[in-house]
Amino acid sequence: MTNTHRLSHLDQLESEAIYILREVAAQFERPALLFSGGKDSICLVHLALKAFRPGKFPFPLVHIDTGHNFDEALKFRDELADTIGEKLIVRYVQDSIDQGKAVEEKGKFPSRNAIQAVTLLDTIAEFKFDACIGGARRDEEKARAKERIFSVRDEFGSWDPKLQRPELWNIYNGKIHVGENVRVFPISNWTELDVWEYIRKENIGLPSLYFSHKREIVWREDLVFPVSKFISLDNTDKVETRTVRFRTVGDMTCTAAVESEANSVDDIIREIQISRTTERGSRLDDKRSEAAMEDRKKGGYF
Amino acid sequence: MDILRFITAGSVDDGKSTLIGRLLYDSKSIFQDQMEAIERAGQVNGQINLALLTDGLKAEREQGITIDVAYKYFSTPKRKFIIADAPGHVQYTRNMVTGASNSDLAIILIDARKGVIEQTYRHSYIVSLLRLPYVVVCVNKMDLVDFSEEVFLNIKQQYLEFAKDLDLKSIHFLPISALNGDNVVDTSPSMPWWKGKSLLHFLEEIEIHTEEESPAPRFPVQNVIRPQTTEYHDYRGYAGQIRSGHFTVGDSITVLPSGLTSKIKAIDSFDGPLTTAYAPMSITIRLEDEIDVSRGDMLVVTGKEPKISQDLEAYICWMDQKVLTPGSKYLLRQTTNAVKASIRSLEFRVETSTHEKKEQTSLGLNEIGKVTIRTAKPVAYDPYSKIRGTGSFILVDEGTNQTVAAGMLL
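In the order they appear, the protein sequences are chains B and C.
Counting from 1, position 275 in the first sequence corresponds to residue 1056 in this note's numbering; the numbering is continuous, with no gaps.
Counting from 1, position 125 in the second sequence corresponds to residue 393 in this note's numbering; the numbering is continuous, with no gaps.
Below, the structure is given as structure tokens:
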């Protein structure tokens, strides 16, 4: 039997993601889309355009700014929100630190990754968000591979991997008690390669960080780290200029670059196809322990 | 390229996680940093422990068992694969049902030394109940029975005997060793008597049936898009995902449950208008007449209506600690519709390992039974055996908000 109307894998994934976004719009009173200016959340914004245009988004874009972000990502974030005419809410980890709610890490590799959860939970409380849409994918990390598409979090934002709701067919249960919230992951079933192939197919713009450029770096635990005002250098650190790009974009303190000449989406797709390391292999925050991600999620992290 | 979604089922220690690890490893879908991480974690019988790739939770690694479904991804030039690695323990049956509900195919693992056991029956029953079109029975650990063809054929015979009472459309058998990789990605020199394909080759070639060619077009409405801007002053679009069949501009439409009729004026997508749209596309439909349509309604092509009733018969898998008792009320969610429902009666419970139907007054965690349900409003549906997308439902406990049952309408 030949089937002429079979959707390609990207069309199937796109349709599934649009369906999930529309379920969020229908099932929740006050949802939000967490938007950092990274490639995955940029794809989410693109999918939301597909889900709700010619109407407006039924949710604002929300960014929890750690204060350690790349300027390129922040600029892109503001420009995109402006171009599509949707509301952007930014809340700052620095404010949580100043208020004494979060404590900055010490040591050689301090990261604001974990305390981001404090500001996120405060923001959820401030706006009474009942659902937060995020661009996490199950292929990123083994604890994420276990998470449902609708992931119920308690009033502390905590994830209990042993007590997840069964999630059957594509019937999502977004019913929660006051104070709880649901983290929703519309691109759970996408891989890094799917994201890039989708970016190519849809001609989606990205911050320049993802493409090869020259940058001052230092080596940290075999990883290429961008020199910035947020990392403390000592006399063991040797600053070099290398041609690099970022495969994943988080804080400047925990996101490593990869040496790369890939200058176009086509180049990047070829590079990922032959890569022997995972995307999160360049994230120092995941290398802290075998259960780093699981532990952060139990603490309210995305 | 298309997508094949499959589940792996089997008892504890039948080697499900190892098989998935082997598929990923031999298809070169494991990355160096992941390998280094599992190599650091130590070896089992002189081999790296591939199961560590899928057991993503601390508690799973501590106990060496799979508690919840893990989703894993890999692709070959022919196909993208989504694997639901489901737990084998009876106490996590509901998580297996979760994984099976979204799968096109089930791999059932049998330990060659043990043959068909109770969990094989249970899992096969669930796969049959959830109507996965394909079952691949992998007789694993062939290395521990000297790669004996006789052992393989005996197990095959035993399984077929049991499966003749089940509604399994297509059953295939494969002798493998997940630990060593025999017949997983490459065919094995240790089993020259095996003339079939390797598992991966089989998964790449098998034809997937979808509901896009169904003669019954179904479109549950998710949201109503009303921009109310100057440019789109009168725009009123019904957003949703086509569950089965296709819709074309000009089609006569009946809205259910109201029964109102109209015609399709336009099919919109962000990329421009479409003339025809197929399952499972997410689109927006506009109708010629201003009629009352809201979330939970279903648009169908006039003359191809589904069943519509307030009295439903269904098989359910119970998923909550608190037992089901007739008379209890729940929220029933089917497609985008949510309606209050009460369980009228429990006709019987199925003993999944023997298919025996037992009269019972309540249904406990992980048990399967047949019920009759009365809903507060009419529900438009198809039998699950015809269209999974409109014949499936969940029950939600309105006190705890938990999903307490998965249901399949008759």
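Even for Gly, the Cβ is constructed at its ideal location relative to N, Cα and C.
For clarity, every value in this text was computed on a predicted model and none was experimentally measured.
Those residues which DSSP pairs with C/Ile521 across a bridge: C/Ser530 and C/Val569
For C/Gln602: DSSP bridge partner residues: C/Asn605
message: Taking 6 Å as the limit between beta carbons, can you name the residues of its chain near C/Asp336, skipping five residues before and five after?
response: Asn363
message: Using a Cβ-Cβ cutoff of 7 Å, what residues of the segment 806-821 of chain B are near chain C? List them in chain order.
response: Result list: Ala806 and Ala807.
query: If we call anything under 8 Å between Cβ atoms a contact, is C/Gly283 one with C/Asn422?
result: no
- request: My understanding is that B/Ser969 touches B/Arg918, with C-beta atoms under 8 Å, so please give their C-beta distance in whole angstroms.
  value: 6 Å
- prompt: Beta-carbon of B/Ser789 versus every beta-carbon of chain C: anything under 8 Å?
  reply: yes
- request: Taking C/Lys340 as the query, report the chain B residues whose CB atoms sit under 7 Å from its CB, ordered along the chain.
  value: Ala926
- prompt: Secondary structure at B/Arg996, three-state DSSP: helix, strand or coil?
  reply: Correct three-state label for B/Arg996: strand.
- prompt: What residues from the segment 850-870 of chain B come within 9 Å of chain C, judged by C-beta to C-beta, listed N to C?
  reply: The residues in question: there are none.
message: For B/Gly915, tell me which candidate among B/Ser892, B/Ile1049 and B/Ala798 has the shortest Cα-Cα distance.
response: B/Ala798
query: Do we get a CB-CB distance below 8 Å when we pair C/Phe538 with the residues of chain B?
result: yes
query: Cβ of C/Pro443 within 7 Å of any heavy atom in the ligand NAP?
result: Ligands are entirely absent from the displayed structure, and the ligand NAP is therefore not among its contents.
Span of the beta strand (DSSP E), counted from its first residue to its last, around B/His844: Leu842 to Asp846
task: List the residues that DSSP assigns as beta-bridge partners of C/Ala421.
output: The residue you asked about is not Ala; residue 421 of chain C is Leu in the sequence shown. Looking at the DSSP assignment, C/Leu421 forms no beta bridge with any residue, so it has no partner.
task: Tell me the start and end of each unbroken beta strand (DSSP E) in the segment 887-954 of chain B that is at least 3 residues and wholly inside, in chain order.
output: Within the segment 887-954 of chain B, the complete beta strand (DSSP E) runs of at least 3 residues are 912-914 and 931-934.
query: Taking Cβ positions, are C/Ser577 and C/Pro594 nearer each other than 8 Å?
result: no
query: Would you report the Cα separation of C/Asp414 and B/Glu922, rounded to the nearest angstrom?
result: 37 Å
contact_flag[the segment 564-583 of chain C, the segment 544-552 of chain C] where n(CB pairs < 8 Å) is 3 or more: The segment 564-583 of chain C is not in contact with the segment 544-552 of chain C.
query: Along chain C, in chain order, which residues have C-beta atoms closer than 7 Å to that of B/Asp920?
result: Tyr341
message: Does the CB of B/Pro947 have a neighbour CB from chain C at under 8 Å?
response: yes
message: Let's test the definition: count the other Cβ atoms within 10 Å of the Cβ of C/Cys406 and tell me whether it reaches 16, buried, or not, exposed.
response: Its Cβ being crowded by 16 or more others within 10 Å, C/Cys406 is buried.
Interface flag, B/Ile799 vs chain C, CB-CB below 8 Å: yes
message: Using 8 Å as the threshold, is the C-beta distance between B/Ile845 and B/Gln808 below it?
response: no
field: Cα-Cα separation, C/Lys572 to B/Ser1041
entry: 56 Å
Cutoff 8 Å: C/Tyr546 Cβ touching any chain B Cβ: yes
message: Using the three-state DSSP reduction, which class does B/Arg834 fall into: helix, strand or coil?
response: coil
field: Interface flag, B/Phe1027 vs chain C, CB-CB below 8 Å
entry: no
- prompt: Should B/Arg834 be flagged as near chain C, meaning a C-beta pair shorter than 8 Å?
  reply: yes
query: chain C beta carbons: is any one of them nearer than 8 Å to that of B/Ile957?
result: yes
- request: From the DSSP output, in three-state form, read off B/His958 for me.
  value: Three-state DSSP puts B/His958 in coil, outside helix and strand.
- prompt: When DSSP labels each residue in this structure, what does B/Met782 get in the three-state scheme?
  reply: Its pLDDT being 36, under 50, B/Met782 is placed unreliably in this model, and the value from its coordinates should be taken loosely. For B/Met782, the secondary structure class from DSSP, reduced to helix, strand or coil, is coil.
Backbone secondary structure at C/Phe430 - three-state DSSP: In this structure, DSSP gives C/Phe430 a helical state, which the three-state scheme calls helix.
field: Neighbouring residues, chain C, relative to B/Leu830 (Cβ below 8 Å)
entry: Listed along the chain, the chain C residues whose CB falls inside 8 Å of the CB of B/Leu830 are Phe538.
task: Using a Cβ-Cβ cut-off of less than 8 Å, give me the residues of the segment 356-388 of chain C that come near chain B, in sequence order.
output: Arg362, Asn363, Val365, Thr366, Ser369 and Asn370
- request: For B/Arg872, decide whether its Cβ has a neighbour in chain C, counting only Cβ atoms nearer than 8 Å.
  value: no
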